[in-house]
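What follows is one structure encoded as structure tokens, with my remarks underneath.
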Amino acid sequence: PARAEVMRMAVTTSFENSGLADVLLPAIREDTGIEVQLVVVGTGQALRLGAAGDVDAVLVHARAAEEEFLAAGHGTHRREIMYNDFVLIGPQDDPAGIAGAESAAEALKRIAAAQALFVSRGDDSGTHKKELSLWSAAGIDPAGGWYRPIGAGMGAALNTASAMNAYVMSDRASWLNFGNKSDLALLFAGDPALFNQYAYIPVNPALHPHVRADLALRLEEWLVGARAKELINGYRVNGESLFVFNAVSK
Amino acid sequence: MDSILQGLGQAFWLIITFDPDLYEIIAMSLRVSLSAVLVASAIGLPLGAWLAVNRFRWRRTTIAVLNALMGLPPVVVGLFVYLLLSRSGPFGVLGLLFTPSAMIIAQVIIITPLIASISHQAIRDLWAEYHDLLISMNATRGQRIRALLWDGRRALLTATLAGFGRAIGEVGAIMIVGGSIEHSTRVLTTAIALETSKGNLEFALGLGVVLIALAVAVNMTIHGLSGTERAPAW
Amino acid sequence: MDSILQGLGQAFWLIITFDPDLYEIIAMSLRVSLSAVLVASAIGLPLGAWLAVNRFRWRRTTIAVLNALMGLPPVVVGLFVYLLLSRSGPFGVLGLLFTPSAMIIAQVIIITPLIASISHQAIRDLWAEYHDLLISMNATRGQRIRALLWDGRRALLTATLAGFGRAIGEVGAIMIVGGSIEHSTRVLTTAIALETSKGNLEFALGLGVVLIALAVAVNMTIHGLSGTERAPAW
Amino acid sequence: MSTLAGTLATGAAQGCEAGAGTRQPLLPLVLERAEARARGKLLIGPVDLTLGRSGFTIVMGPNGSGKTTLLRLMHGLQRLSAGTIRWNLPEPIARKRQAYVFQAPIMMRRSVLDSIAYPLLLRGTPRSEARARAADWAVRVGLGAALHRPAPVLSGGEKQKLALARALIGGPEILFLDEPCANLDGRATREIETILLDARAGGTRIVMATHDMGQARRLASEVLFLYGGRVHESGAAKGFFAAPETPEARAFMNGEIVE
Amino acid sequence: MSTLAGTLATGAAQGCEAGAGTRQPLLPLVLERAEARARGKLLIGPVDLTLGRSGFTIVMGPNGSGKTTLLRLMHGLQRLSAGTIRWNLPEPIARKRQAYVFQAPIMMRRSVLDSIAYPLLLRGTPRSEARARAADWAVRVGLGAALHRPAPVLSGGEKQKLALARALIGGPEILFLDEPCANLDGRATREIETILLDARAGGTRIVMATHDMGQARRLASEVLFLYGGRVHESGAAKGFFAAPETPEARAFMNGEIVE
Ligand SMILES: Nc1ncnc2c1ncn2[C@@H]1O[C@H](COP(=O)(O)OP(=O)(O)OP(=O)(O)O)[C@@H](O)[C@H]1O
Ligand SMILES: Nc1ncnc2c1ncn2[C@@H]1O[C@H](COP(=O)(O)OP(=O)(O)OP(=O)(O)O)[C@@H](O)[C@H]1O
Ligand SMILES: [Mg+2]
Ligand SMILES: [Mg+2]
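Line by line, the protein sequences give chains A, B, C, D and E.
Each step along the first sequence adds one to the number in our numbering, with nothing skipped, and position 48 is 67.
Each step along the second sequence adds one to the number in our numbering, with nothing skipped, and position 54 is 159.
Each step along the third sequence adds one to the number in our numbering, with nothing skipped, and position 159 is 264.
Each step along the fourth sequence adds one to the number in our numbering, with nothing skipped, and position 4 is 104.
Each step along the fifth sequence adds one to the number in our numbering, with nothing skipped, and position 248 is 348.
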């Protein structure tokens, strides 16, 4: 193909870890001629990059923060693309017995009751915020020696949990792609409370004239289109599908 | 530019408000780095001297490897230590992972080559000066090394301080083996990385300034105590 | 232990299969690190010599600060450079963020103090030797520095190689300013960090081994070419 | 040696690239109550002394009496702790017209040829010319066979010869020498003495420390006898060697115990 | 000086902490076709030479003739490139019973006292005893006033004195000296000569390089004349000084040109 036009998009680690990008990017390049460069960072940092105009668009999953971002005028609009779900991971023998829990809140209560080691991202990321909302939904203020906020990314949290043989909450994509499972297993999933919505926000060209708003829009069109739907819904790791396409065509 | 100034302001604010969390983190940083420097110096300084004093077949290779190891990527070291200390690893039973000890071990691995390499260079020059005398006096290998370490102590300080600087500014390895667990293994650098990923860049920069100030203070104190750069070369 | 062996196996496999992605990453690592070393040496070596030769009021402080800066935390440097190069920063218009140039800038900031500090130490000893002679000959400041750099070139190599090692193993800063963008700014260390976060520890370790091998190879080549450690001190 | 004398006579003029005819003399050098201290300890002084326009001053005295310190003080290498030192010219100009041969020769990590040429290079002489003149000087001091040897591997005497050639090549107006022949054999000593006398004849002022009485007698026009960090006795060579005034100088001349 | 002689006579015995009575002699030292090279270049040799049990050997020769190299070769500091060197004892034992005074004194970054005591410390002498003996020796060589000065700041002559005391304190069986009096004043030279003669009387074998003819005559029992890296002439001192056999030695003695 002809020389590609280049745009940059900040994405969160969990998206990158899913491996979906490796499927989408070549297709985008093929269909639109856009070479998307992914800058992989934490949610907060991704939004910060957008606010500074250092990327042309962001793809994140932290509703409240996204809305703040829009309210401040940093982005033009928010477009939901797809979702996956969070899962609770823990030691295979499940000392807190969360596998049989009715709901996510119930599972967390059991962990707290058993004082079983729980690794938290503790980094204000989308995943971390979700985890905190689940705790508060369960009516628990997690604290004490069993609760370990590590202040790091998803991969680091999983590696830590794996080494400690602790419980941890992860997005399904990161978990499936995670290579250092040792004794960990997926113990709880499926509660709609665990939904994880990804949204696409182009950076506001009014604030940053140099951003490639044109490319950002073309990319958005592709992301909500049929090819994207097919690829996203069809993406599987170990036979499991990870993402559900839920963009609404205008 | 604004952000940078804000960062400086944050640093100042943090220090004067005597934030207890901050002081806890600083204490952990110092504890880990100073311990690592002590251990690494105890290994690296004699090793540097030994390499300066001995001529053996693989000397050049050893020195080249040592120089290369100076740049040992922290992440790799972290991984390596993680694999050794993890429950399924050979030293898993010790239960050291995610403790300050694990962080010290990782840092020792990172800074020992640095200390050994810089001290080797300093000692090599001194050895060129003392060579004939010490050989003539029939000093044993150990005596030679001791004389060089003692008489070259000022220059060796640079090596040790370089090691300290590297240790206290290190993040990749201790993140993996220490885990940056709040109130337990969080140090300045991992706190900075955390704030960065949160997008709190000014706060992160503020912590960075605190860290640099700390490193400068330690350097000045030690230079002051030892009198280097004041008196002549020895 | 198994994991570690697997890592070695992976490294071996990667190299012999001539994986094009790997070679692309290696090339970028070398390009960035070598450029940074060139620039940093051009600044750091004369600076080290200048500090050795000049006596001025704030000399001790300057040297202590330089020593402290040796341990400049990469993340902080990354942040700082990010804030400067960000579109909303003072140099945003240059559009350097997330390019190899940005990574080189960050690395130059990290390794210049290291190179200056180590070379300062080496030059200081040589200056102690040459001091009377050069003063007596009424050499200008620039001439003194040139003579010391030239006659001390062997020792300065250690400084440069230390800088290279540090640069090629660096991850925190270039991750922030380079972004580890595939086929564009990904280098060995950021690739290792990425694989680690995916839990592909063996693969990450394999890349680490490749990186160390690369650093050793560069060191050996340069030592070999320069003949250090073979001939006497000069 | 006769060719040497001819070249050497112009030694001082060579050093000065311009205005040799009209230029101001560097000397006299006047020291007034000059003192040198190291960490508070008095090394020498107070010294009152005037070095006139011409002559060959020999500095003598027991080990540790301060000869080296005095020479370094005059040359500007030793910091003055009290008193004054005044050349006839402003300090920066004065510094350019001097040369010094150290008691322990300082060898740069370069070849003999490059070491001797170095002072010329410092003044901007083109490398090829500097090398040619250096080769010339190397031959004169007896290092013709060692041109391309690294200076640090030279024998003790060869190092002293190198240091001498390096000091003389710039054609200094005043030359300080600190026991320059201590490690030289008899023949080399004589040759160097001839070179020095030629330089003096060419207008170079010479101040030299030595322990060799024979040499002192052969060369001196003026003697400074140091004792315990002070100039204990000084005067014309003839008078001093014939009959030293102080008992210490007398005892020193006889190699006896000086307490 | 009389007290010195008494102490010095036992110098050699002091060095040997045990079995002095029955111990094997270190000498003779035999060199057979010994050569020293540096990067291929022949520095000295081939040298055939035997150093007998007792005596005071003076090594003479023009600058660069190989005196230093020969001494270093015998002492084991210079690598032998060809030929053999044999002591009467196995090499490791022989190495312990020697001392060497370098042409350019090597000063450790320590005080005068600690520098002189260092060889004793190396052998395990308790620090206080080593210090006491070092202080004693410092006084003997004339450094009594400089005990606590850092060795590197000493004057040229003081450094040589320190090096001498440091070499003698261990009571070596054989002592190599490379122009040890080059920077000493007349009185110090005489005193050192007395110390050396006393040491010799006490059983220490001495091999010394010097350019000072007077000193050579005063001390030598045997002369080695080096020329162009070879032993050109050797023999008893008396014969040599009275009438050197070779024209080169004759010329050298007269300080003439030796080509
Ligand atoms: N930094 C110092 N601290 C203390 N004493 C010093 C220092 N520098 C020199 N001295 C002492 O000052 C004295 C004078 O030294 P100087 O080198 O001038 O003697 P000198 O006359 O040249 O002797 P020599 O004939 O042995 O060369 C010596 O006793 C020396 O030990
Ligand atoms: N590494 C080397 N490479 C080349 N030449 C060397 C080397 N080392 C010594 N030489 C030369 O070997 C010769 C012998 O040196 P040596 O020091 O033994 O002389 P010496 O007789 O002690 O002279 P002096 O009286 O000047 O001290 C000298 O000409 C010297 O330049
Ligand atoms: Mg002197
Ligand atoms: Mg010699």
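Backbone N, C-alpha and C define an ideal beta-carbon position, used for all residues, glycine too.
Is E/His332 helix, strand or coil when you go by DSSP? Numbered from its first residue, the fifth sequence carries residue 332 of chain E at position 232. E/His332: strand per DSSP, three-state reduction.
Taking only beta carbons into account, state which residues of the stretch 221-235 of chain B come closer than 7 Å to chain C, listed in chain order. Ser222, Ile223, Gln226, Ala227, Asp230 and Ala233
What did DSSP end up calling D/Ile193 once you bin it into helix, strand or coil? Position 93 of the fourth sequence, counting from 1, holds the residue named residue 193 of chain D. Helix at D/Ile193.
Answer with buried or exposed for B/Trp163, where buried requires no fewer than 16 other C-beta atoms within 10 angstroms of its C-beta. In the second sequence, the residue the question calls residue 163 of chain B occupies position 58. Exposed, because fewer than 16 other Cβ atoms sit within 10 Å of the Cβ of B/Trp163.
Starting from A/Tyr254, trace the beta strand (DSSP E) in both directions and tell me its first and last residue. Within the first sequence, the letter at position 235 stands for residue 254 of chain A. Here A/Tyr254 belongs to no beta strand (DSSP E), and DSSP marks it neither H nor E.
On a Cα-Cα basis, can you pick out the residue from A/Thr51, A/Pro168 and A/Met173 that is closest to A/Asp106? Residue numbering aside, residue 106 of chain A sits at position 87 when the first sequence is read from its first letter. According to the sequence shown, residue 106 of chain A is Val rather than Asp. Comparing Cα-Cα distances from A/Val106 to each of A/Thr51, A/Pro168 and A/Met173, the minimum goes to A/Met173.
Cutoff 8 Å: D/Thr103 Cβ touching any chain E Cβ: Here residue 103 of chain D corresponds to residue number 3 of the fourth sequence, with the count starting at 1. For D/Thr103, the predicted model reports a pLDDT of 41, less than 50, meaning its position is unreliable and no value from the coordinates is stated.
For D/Ser211, which residues does DSSP report across the bridge? Here residue 211 of chain D refers to the residue found at position 111 of the fourth sequence. DSSP output for D/Ser211 lists D/Pro250 as bridge partner(s).
Ligand 2 and E/Asp312: does the residue's C-beta get closer than 7 Å to at least one heavy atom of that ligand? Within the fifth sequence, numbered from 1, the residue matching residue 312 of chain E stands at position 212. Every heavy atom of ligand 2 is 7 Å or more from the Cβ of E/Asp312, so no.
Starting from the beta carbon of C/Phe269, find every residue of chain B whose beta carbon is closer than 8 Å, and list them in chain order. In the third sequence, residue 269 of chain C corresponds to position 164, counting from 1. Those are Gly176, listed as they occur along chain B.
If you scan the stretch 280-321 of chain E from start to end, which runs of the beta strand (DSSP E) of 3 or more residues do you find wholly inside it? 305-309
Give the C-beta separation of E/Val147 and E/Leu127 to the nearest angstrom, bearing in mind that I take them to be a contact with Cβ-Cβ under 8 Å. The residue you call residue 147 of chain E lines up with position 47 of the fifth sequence. The residue you call residue 127 of chain E lines up with position 27 of the fifth sequence. Not really, about 17 Å apart at Cβ, beyond 8 Å.
Taking the straight line between their C-alpha atoms, what separation do you get for E/Gly121 and E/Glu273? Translated into positions along the fifth sequence, residue 121 of chain E becomes position 21. Translated into positions along the fifth sequence, residue 273 of chain E becomes position 173. Residue confidence is low: E/Gly121 scores 48 on pLDDT, short of 50, so the model does not pin down where it sits. No coordinate-derived value is stated.
Is the distance from the Cβ of C/Gln212 to the Cβ of C/Ala278 below 8 Å? The residue given as residue 212 of chain C occupies position 107 in the third sequence. The residue given as residue 278 of chain C occupies position 173 in the third sequence. Contact flag set, yes.
Between the stretch 134-152 of chain B and the stretch 251-269 of chain B, are three or more C-beta pairs nearer than 8 Å? yes
Answer yes or no: does any C-beta atom of chain C fall closer than 8 Å to that of A/Phe88? By 1-based counting over the first sequence, the position of residue 88 of chain A is 69. It does not: the Cβ of A/Phe88 has no partner Cβ on chain C nearer than 8 Å.
Cβ neighbours of D/Leu254 in the same chain (closer than 6 Å, five flanking residues each side left out): The residue you call residue 254 of chain D lines up with position 154 of the fourth sequence. Result list for D/Leu254: empty, nothing under 6 Å.
Below-8 Å beta-carbon distance, C/Asn243 vs any chain D residue: Taking the first residue of the third sequence as 1, we reach residue 243 of chain C at position 138. Yes, C/Asn243 counts as interfacial toward chain D.
Of all Cβ atoms in chain C, is any one closer than 8 Å to the Cβ of A/Val138? Indexing the first sequence from 1 puts residue 138 of chain A at position 119. Chain C contact via Cβ: absent.
Under 8 Å between the Cβ atoms of C/Leu231 and C/Met175? If you number the third sequence from 1, residue 231 of chain C lands on position 126. If you number the third sequence from 1, residue 175 of chain C lands on position 70. For C/Leu231 and C/Met175, no; Cβs fall outside 8 Å.
C-beta neighbour in chain A for B/Thr295, strict 8 Å: On the second sequence, residue 295 of chain B is found 190 positions in, with the first residue counted as 1. With 8 Å as the cut-off, B/Thr295 counts as an interface residue toward chain A.
Quick check on the DSSP output: what are the complete alpha helix (DSSP H) runs of length 4 or more inside the stretch 179-218 of chain C, in order along the chain? 179-190
Along the stretch 110-134 of chain B, where does the CB come closer than 7 Å to a CB of chain E? Name the residues. none
Between the Cα of B/Leu177 and the Cα atoms of C/Gly274, C/Ile121, C/Gly268 and C/Met208, which residue gives the shortest distance? Here residue 177 of chain B refers to the residue found at position 72 when the second sequence is read from its first residue. Nearest of C/Gly274, C/Ile121, C/Gly268 and C/Met208 to B/Leu177, Cα basis: C/Gly274.
So D/Glu258 contacts chain E; which residues on that side make the cut at Cβ distance below 8 Å? Counting from one through the fourth sequence, the residue named residue 258 of chain D turns up at place 158. Correct list: Asn163 and Gly164.
Relative to chain D, which residues along the stretch 283-306 of chain E have a C-beta separation below 9 Å, given in chain order? Asn283, Leu284, Asp285, Gly286, Arg287, Ala288, Thr289, Arg290 and Glu291
Thinking C-beta only, is A/Met28 closer than 8 Å to A/Asp75? Here residue 75 of chain A corresponds to residue number 56 of the first sequence, with the count starting at 1. Here residue 28 of chain A corresponds to residue number 9 of the first sequence, with the count starting at 1. Contact flag set, yes.
How many Å lie between D/Ser215 and C/Glu234 at the Cα? Position 115 of the fourth sequence, counted from the first residue, corresponds to residue 215 of chain D. Position 129 of the third sequence, counted from the first residue, corresponds to residue 234 of chain C. Whole-angstrom Cα-Cα distance: 15 Å.
Could you check whether the Cβ of B/Ser206 sits closer than 8 Å to any Cβ belonging to chain A? Along the second sequence, read from residue 1 onward, the residue named residue 206 of chain B stands at position 101. No, B/Ser206 lies away from the interface with chain A (no Cβ there is under 8 Å from its Cβ).
Ligand 1 and E/Ser255: does any heavy atom of the ligand fall closer than 7 Å to the residue's C-beta? Looking up residue 255 of chain E in the fifth sequence gives position 155. Yes.
Output yes or no for whether 8 Å exceeds the beta carbon distance between E/Gly161 and D/Arg287. As a position in the fifth sequence, residue 161 of chain E is number 61, starting the count at 1. As a position in the fourth sequence, residue 287 of chain D is number 187, starting the count at 1. No. Outside cutoff.
Does the Cβ of E/Ser321 lie closer than 7 Å to at least one heavy atom of ligand 2? For the purposes of this step, residue 321 of chain E is taken as the residue at position 221 of the fifth sequence. No, the Cβ of E/Ser321 stays beyond 7 Å of every heavy atom of ligand 2.
Residue ranges of each alpha helix (DSSP H) within the stretch 288-323 of chain B, 4 or longer: 293-302
C/Gly166 in three-state terms, based on DSSP: Translated into positions along the third sequence, residue 166 of chain C becomes position 61. Checking the sequence shown, residue 166 of chain C turns out to be Thr, not Gly. Looking at C/Thr166 - three-state DSSP - the assignment turns out to be helix.
Flag this pair as touching only if the stretch 193-204 of chain C and the stretch 286-301 of chain B have three or more C-beta atom pairs under 8 Å; answer yes or no. no
Does D/Ala351 come out as helix, strand or coil in the three-state DSSP assignment? The count along the fourth sequence starts at 1 and reaches residue 351 of chain D at position 251. D/Ala351 falls in the helix class under three-state DSSP.
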